[in-house]
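Below: the structure, in structure tokens.
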Amino acid sequence: MRKQLTSGPRLEFNQSLDREKLASLIERTGCVQIADFLCQAGAPSLQQELLARADWKRVINGREKVFETDANYYVTMDPEERRKLDAAVYSSATHGFQFQYDTIRIADDLPSRERDNSMLSRFARFMCEPDSLNFFRSITDEPKIVFADAQATRYRAGDFLTRHDDAIGGKHRSYAYVLSLSADWQAEWGGLLLLNDHQGGIAQAIVPRFNNLVLFRVGQPHSVSFVAPYAGSDRLSITGWLRTQMP
Numbered sequence: 001m002r003k004q005l006t007s008g009p010r011l012e013f014n015q016s017l018d019r020e021k022l023a024s025l026i027e028r029t030g031c032v033q034i035a036d037f038l039c040q041a042g043a044p045s046l047q048q049e050l051l052a053r054a055d056w057k058r059v060i061n062g063r064e065k066v067f068e069t070d071a072n073y074y075v076t077m078d079p080e081e082r083r084k085l086d087a088a089v090y091s092s093a094t095h096g097f098q099f100q101y102d103t104i105r106i107a108d109d110l111p112s113r114e115r116d117n118s119m120l121s122r123f124a125r126f127m128c129e130p131d132s133l134n135f136f137r138s139i140t141d142e143p144k145i146v147f148a149d150a151q152a153t154r155y156r157a158g159d160f161l162t163r164h165d166d167a168i169g170g171k172h173r174s175y176a177y178v179l180s181l182s183a184d185w186q187a188e189w190g191g192l193l194l195l196n197d198h199q200g201g202i203a204q205a206i207v208p209r210f211n212n213l214v215l216f217r218v219g220q221p222h223s224v225s226f227v228a229p230y231a232g233s234d235r236l237s238i239t240g241w242l243r244t245q246m247p
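Under the UniProt record's numbering, read the sequence shown as residues 1 to 247, first letter to last.
So this is what it looks like as structure tokens:
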């Protein structure tokens with residue numbers, strides 16, 4: 001049974017953010033990092049919930065579909081079976097799109113979000129509030145943004161996401177966002193958000209910073225680097241896309 005926080009601080013974005021500066025950065029580079037995105041106790045409360053929840057799902061890309069299982073099952077697998085699975089996943093990542101990490105998804109439909117009083121669901125609702133949508137419209141110069149989806153992600157040792165660009169027909173994605181909830185993350189632990197150039201190189205490497213929201217245009221190739229076995233904690237974040245049509 002999942003653990004949820006049934007009460008917590010009101011989620012608000014930092015009103016002191018310089019919208020003109022953020023808009024200028026996005027216009028020039030297609031990407032911006034927004035430090036101290038949430039006010040006061042919002043980010044710590046989200047982090048505490050994600051650390052406590054037991055309903056994480058393990059997702060791995062397959063040839064025809066995404067394989068999903070209980071994250072705890074993966075941890076308790078027979079060591080030899082887990083070694084074989086990891087070897088197969090790493091082999092398929094060598095020359096193709098592959099990923100493995102843990103996730104908690106939030107439903108797109110608004111009634112389901114209203115029934116779920118977790119902090120994660122409250123964050124998804126917050127991202128779709130008029131003030132939030134207007135903020136994102138103003139800094140992206142994209143007036144058609146009307147919806148934000150959301151999922152929590154947890155990258156542990158050995159997890160990764162290979163290069164892709166998020167452009168999927170029919171999803172109406174405009175911008176991707178990543179809200180980091182990892183405290184004191186070190187670059188050498190891996191788990192970096194890499195904005196790739198079109199030759200497969202690295203245009204920018206972004207280290208997870210607590211309560212830092214990264215926003216970048218859909219179509220930008222990107223990846224998440226391999227999390228090292230010696231990483232001092234799990235890489236926690238909430239990710240999603242700003243969409244120009246309702247789901």
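From the three backbone atoms N, C-alpha and C, an ideal C-beta is built for every residue, glycine too.
Do you know whose CA, among Glu129, Ser121 and Ala52, lies nearest Phe13's CA? Checked all of Glu129, Ser121 and Ala52; the closest Cα to Phe13 is Glu129.
Which partner residues does residue 290 have in the DSSP bridge list? Since the first residue shown for the chain is 1 and the last is 247, residue 290 is missing from the structure and cannot be characterised.
Identify every run of the beta strand (DSSP E) within the region 139 to 210, keeping only runs that are complete inside it and at least 3 residues long; order them along the chain. Within the region 139 to 210, the complete beta strand (DSSP E) runs of at least 3 residues are 151 to 155, 160 to 164, 173 to 180, 193 to 196 and 202 to 206.
Nearest to Phe227 by CA position, among Val207, His198, Lys57 and Met77, is which residue? Per the sequence shown, the amino acid found at residue 227 is Val instead of Phe. Residue Val207 is the option with its Cα nearest to Val227.
What span of residues does the beta strand (DSSP E) with Phe126 cover, start to end? It is not in any beta strand (DSSP E) - Phe126 instead sits in the alpha helix (DSSP H) that spans Met119 to Met127.
Identify whether Gln220 lies in helix, strand or coil by the three-state DSSP scheme. Here Gln220 sits in coil by DSSP.
Can you find at least 3 beta carbon pairs, one from the region 67 to 83 and one from the region 46 to 58, that sit closer than 8 Å? Per the Cβ contact rule, the region 67 to 83 is in contact with the region 46 to 58 (3 or more Cβ pairs under 8 Å).
Under a Cβ-count criterion, where at least 16 other Cβ atoms within 10 Å of its own Cβ denotes burial, should Gly96 be classed as buried or exposed? That one is exposed.
Buried or exposed: where does Thr6 fall if 16 or more other Cβ atoms within 10 Å of its Cβ makes it buried? Because Thr6 sits at a pLDDT of 49, beneath the cut-off of 50, its placement in the model cannot be relied upon, and the point is left open.
What is the DSSP secondary structure of Ile26, counted as helix, strand or coil? Three-state result, Ile26: helix.
At the level of alpha carbons, what is the spacing between Pro221 and Leu192? Cα atoms of Pro221 and Leu192: separation of roughly 14 Å, rounded to the nearest angstrom.
Under a three-way DSSP split, which group does Phe136 fall into? Note: Phe136 maps to helix in three-state DSSP.
So what's Asn72 in DSSP terms, helix, strand or just coil? Shown here, Asn72 sits in a helix according to DSSP, grouped into three states.
Have a look at Tyr155, Leu17, Asn196 and Gln199 and flag the residue whose alpha-carbon is nearest the alpha-carbon of Thr239. Closest by alpha carbon: Tyr155.
To the nearest angstrom, how far is the alpha carbon of Arg2 from that of Gln199? Interpretation of Arg2 is limited by its pLDDT of 42, a score under 50 that renders its predicted location unreliable; the figure taken from the coordinates is listed afterwards. Taking the straight line joining both Cα atoms gives about 43 Å.
Look up Gln47 in the DSSP assignment and say whether it is helix, strand or coil. In this structure, Gln47 counts as helix in the three-state DSSP scheme.
In DSSP terms, what Asn212 is bridged to: Note: Asn212 sits in a beta bridge opposite Ser180.
Please report the straight-line C-alpha distance between Ser138 and Ile106, rounded to a whole angstrom. Their Cα atoms are separated by approximately 25 Å.
Residue burial classification, Ala41 (beta-carbon count within 10 angstroms, cutoff 16): By the neighbour-count criterion, in which 16 or more other beta carbons inside 10 Å mark a residue as buried, Ala41 falls on the exposed side.
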